[in-house]
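So the sequence lines, in the order shown, correspond to chains A and B.
Position one of the first sequence corresponds to residue 11 (this note's numbering), numbered consecutively onward.
Position one of the second sequence corresponds to residue 11 (this note's numbering), numbered consecutively onward.
2 protein chains.
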Amino acid sequence: MELDFIAARLEGLEETIIHKLIDRAQFRVNSIVYIPGQSGFEGSKGKSLLEIRLYYQEEMDAQFGRYRQPEERPFNGDLPLPKRIVQIPDTGLAIDDYNKVNLTGEILTSYIGLVPGICLPGDDRQHGSSVVADVYALQAIAERIHFGSLYVAECKFRDNPDKYIKLIHSKDEEGIIAGLTRKDVEDLIIKRVADKVAYIQTRVNTKVRNVIDPEVILTYYRDYIIPFTKKGELRYLLNRIIETPLPDKRYPPHR
Amino acid sequence: MELDFIAARLEGLEETIIHKLIDRAQFRVNSIVYIPGQSGFEGSKGKSLLEIRLYYQEEMDAQFGRYRQPEERPFNGDLPLPKRIVQIPDTGLAIDDYNKVNLTGEILTSYIGLVPGICLPGDDRQHGSSVVADVYALQAIAERIHFGSLYVAECKFRDNPDKYIKLIHSKDEEGIIAGLTRKDVEDLIIKRVADKVAYIQTRVNTKVRNVIDPEVILTYYRDYIIPFTKKGELRYLLNRIIETPLPDKRYPPHR
C-alpha cells in the first residue's frame, strides 16, 4: 500500500488502455451495435449487440474468478459463481462489498461517447469484431478506474486517518474530493498519456491502420477517467469500514 | 484479391500480435496453466487451464459467428452454431471447407514454446489473467497465419493458374513451396516486426512493465509464423477447387 507502487500500476494500465483503443479504432463507428433491439442475436430481444457480448464475456470471466479481484468490477449483476478457487492476497482494503465502488454504468456511457472520436465514421459490417474490441477496451478502462478508486483512496486514508475519519463522519464530500485532488499529478498523467498515444502509433502504416488523435484520449482521460476515479475514491471512503477494520479474508466471498 | 492489399492487411495484424504479446509479458511464465489436469477448474479434469479458457472463449465466439470468417479458424472442433447471421462478402476463395486449412494445433504448441522467451520466469499466481492474455495472443497469431494462408495462396494461384494447376495435379509440394517463397519479402517482414517491437516499447516505464526482446519475436516470426503461413498456403492449394470454382456463397455455412 505505497502510493508510488499504485501510481506505477496505474501508469502500466495506460498502455493497455491505449492498445485496446487502437484495436477498436481499426473498425468503423458501427453505431448499430450500440442500439438496443438491433443486435440480430437469437433470444436477446431489446439488448444491443455490445450489451449481449459484454454479458457473455462477463459470464465466462465470472466462472474463471475474475471478479474476485477488487479492481475487476463487472458491468452486469447476475453473474455465475467461479468454478475455480482464486487466491487473492491480502489486499489491505477495508470495505465489505467491492461493488459499493462500481462505476461501470457511467464508464459504459462515456465510452460509447468516445467511439466516434477514435473510429472512422460509417459502417464496415464488422459488428462482431467491433464489440469484441469494445469489451476489451471497457474492461481495461474499468480496471484502471476501479484500481485507482480503491487503492489510491485507501492509501490516502492511511496517510492521514484522522483527517479522513473526520471528513467521512461529517459526510463532507467536497472536503474529501479536495483532499484527493492533486492537479499537478493529473496534468502530468494526461500529458503522458497523449505522448504515449502519439508515440506508439508513429511507425504505423497509415494506409492500413487508422490512427487515433492523442488529443481525444487526453480529453477522455481528463474528463472521464480521472473524475470517475475520484468519484470511486470518494465512494470507497464513504463506505470504508472505520471502527473495526476487518482483515480482508473475512469478507464474504462473492463473484 | 490484390497482393498489395493482402500484404497491407498482414502488416496491420503485426501490431495486434505485438500488443497481445506485450500484454502476456506482464505476467510471469506461470507454467502450471499449460499442464493438463492442473487447472483446478470444476468439471474439467485432464485439461489445462489454457485449454479450458480457450474452449470457453471459442464457445462464446462461435455463437457470435466468428468462425464464419475464413481467416478465423478455431482451436476446438465441437463448437455451437452462430446465434446471429454474419454477412460475409464474397471472399474469392475456392475451397469447400475452411478447416482444411487449420493450423491451430501447431500454433498452440509453438506459442507455449514462445512464452518463456517473453515472460519473466516463475509464478505470480495471476493464472486467470495469464490465460486470458494467452487466448488473445493465440487468436491474433492464428488470424495472421490463416489470413495469409488463404488469401496469399489464392492470389498467387490467380497470377499464374497454369503453373499452379500443373503443380497441384502432380502434388509437387516442393515446387509449390518454391513458388510461394520470396526470401527478400520474408526478410523485410521479420526486420519490420523486430523494429516495431522495439519502438512500441521505447517509452515504457520499465519499473512497472516487462519489456519483450525484439529478437525473440523476430525468431518466432521467422521460425513459426512465416513457415506456418506457407504450410497453410500449400494446404489451401492442394485442396483448392480447380475444375468448377463455385461462388463462395454456395459453400455450406459452418461454424
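Backbone N, C-alpha and C define an ideal beta-carbon position, used for all residues, glycine too.
Remember, predicted model here, so these are calculated numbers, not experimental data.
Residue closest to residue i, alpha-carbon to alpha-carbon, out of the options
i	options	result
Thr26/A	Ile210/A, Asp194/A, Ile236/A	Ile210/A
Asp71/B	Arg76/A, Tyr65/A, Glu21/A, Phe74/A	Tyr65/A
Ser140/A	Tyr230/A, Ala208/A, Ile42/A	Ile42/A
Asp144/A	Val96/A, Phe51/A, Ile117/A	Ile117/A
Val125/A	Gly47/A, Arg202/A, Val226/A, Ala204/A	Val226/A
Gly22/A	Arg250/B, Val221/B, Arg232/B	Val221/B
Pro44/A	Asp197/A, Ser120/A, Ile175/A, Lys206/A	The question names Pro, but residue 44/A is Tyr in the sequence shown. The option with the nearest alpha carbon to Tyr44/A is Ser120/A.
Gly189/A	Cys165/A, Gln48/A, Gly53/A	Cys165/A
Ile122/B	Leu60/B, Ile251/B, Leu248/B	Leu60/B
Ala208/A	Pro224/A, Asp233/A, Arg219/A	Pro224/A
Gly138/A	Asp106/B, Asp14/B, Pro92/B, Ile187/B	Pro92/B
Ala147/B	Leu31/B, Ile16/B, Phe167/B, Asp205/B	Leu31/B
Asp205/B	Ile105/A, Thr212/A, Lys57/A	Thr212/A
Ala152/B	Leu103/B, Lys55/B, Asp233/B, Phe85/B	Phe85/B
Arg87/B	Lys55/B, Glu69/B, Pro171/B	Sequence inspection shows Gly at residue 87/B; the Arg mentioned does not correspond to that position. Gly87/B has its Cα closest to that of Glu69/B, out of Lys55/B, Glu69/B, Pro171/B.
Leu113/A	Lys181/A, Gly158/A, Asp172/A, Thr229/A	Gly158/A
Asp197/B	Asp100/B, Ile186/B, Thr229/B, Asp172/B	Thr229/B
Burial state of residue i, where buried means 16 or more other Cβ atoms lie within 10 Å
i	result
Glu12/B	exposed
Leu130/A	exposed
Gly115/B	exposed
Lys201/B	exposed
His264/B	With a pLDDT of only 46 at His264/B, under the threshold of 50, the placement of this residue in the model should not be trusted; the figure read from the coordinates follows. With fewer than 16 other Cβ atoms within 10 Å, it is exposed.
Thr191/B	exposed
Gln149/A	buried
Phe37/B	buried
Ile235/A	buried
Glu184/B	exposed
Glu253/B	exposed
Leu244/A	buried
Leu247/B	buried
Val195/B	exposed
Ile95/B	exposed
Glu81/B	buried
Arg260/B	At Arg260/B, the pLDDT of 45 sits below 50, so the modelled position is not reliable and the matter cannot be decided from this model.
Leu89/A	buried
Arg63/A	buried
His29/A	buried
Lys176/B	exposed
Arg168/B	exposed
Lys1/B	The structure shown does not extend to residue 1/B, since chain B is modelled only from 11 through 265, so no value can be given for it.
Lys193/A	exposed
Integer-rounded CB distance, given that residue j should sit under 8 Å from residue i
i	j	result
Asn215/B	Asp134/B	That belief does not hold up - the Cβ atoms of Asn215/B and Asp134/B are roughly 18 Å apart, past 8 Å.
His179/B	Gly242/B	Incorrect: roughly 20 Å between the Cβ atoms, too far for contact.
Arg19/A	Ile128/A	With 8 Å as the limit, Arg19/A and Ile128/A do not qualify as a contact, their Cβ atoms being about 24 Å apart.
Tyr108/B	Arg76/B	The pair is not a contact, with the Cβ atoms about 12 Å apart (cut-off 8 Å).
Ile98/B	Gln79/B	7 Å
Val297/A	Glu24/A	The question about residue 297/A has no answer here: the residues shown for chain A are numbered 11 through 265.
Ile199/A	Tyr174/A	Their Cβ separation, rounded to whole angstroms, is 23 Å, which puts Ile199/A and Tyr174/A out of contact at 8 Å.
Ile16/A	Arg250/A	Wrong, their Cβ atoms sit about 16 Å apart, outside the cutoff.
Val111/A	Leu160/A	6 Å
Ser58/B	Gln48/B	7 Å
Gly53/A	Pro46/A	Not confirmed; about 15 Å, so no contact.
*Listed in chain order, which residues of the stretch 50 to 62 of chain A have Cβ atoms closer than 9 Å to some Cβ of chain B?*
Gly50, Phe51, Glu52, Gly53, Ser54, Leu59, Ile62
*Name, going along the chain, the residues of the stretch 195 to 229 of chain B whose beta-carbon falls closer than 8 Å to a beta-carbon of chain A.*
Asp205, Lys206, Tyr209, Ile210, Thr212, Arg213, Val214, Asn215, Lys217, Val218, Arg219
*Just by C-beta distance, which residues in the stretch 20 to 48 of chain A are closer than 8 Å to chain B?*
Glu21, Gly22, Glu25, Thr26, His29, Ile32, Asp33, Gln36
*Between the stretch 126 to 142 of chain A and chain B, which residues of the former have a C-beta closer than 9 Å to a C-beta of the latter?*
Arg135, His137, Gly138, Ser139, Val141, Val142
*Taking only beta carbons into account, state which residues of the stretch 94 to 114 of chain B come closer than 8 Å to chain A, listed in chain order.*
Arg94, Ile95, Val96, Gln97, Pro99
_Taking beta-carbon pairs under 8 Å, can you tell me which members of the stretch 74 to 90 of chain B lie near chain A?_
Phe74, Gly75, Arg76
*Any residues in the stretch 159 to 182 of chain A with a beta carbon nearer than 8 Å to a beta carbon of chain B? Which ones, in chain order?*
none
*asked:* Against chain B, which members of the stretch 231 to 258 of chain A pass a CB distance test of less than 8 Å?
replied: none
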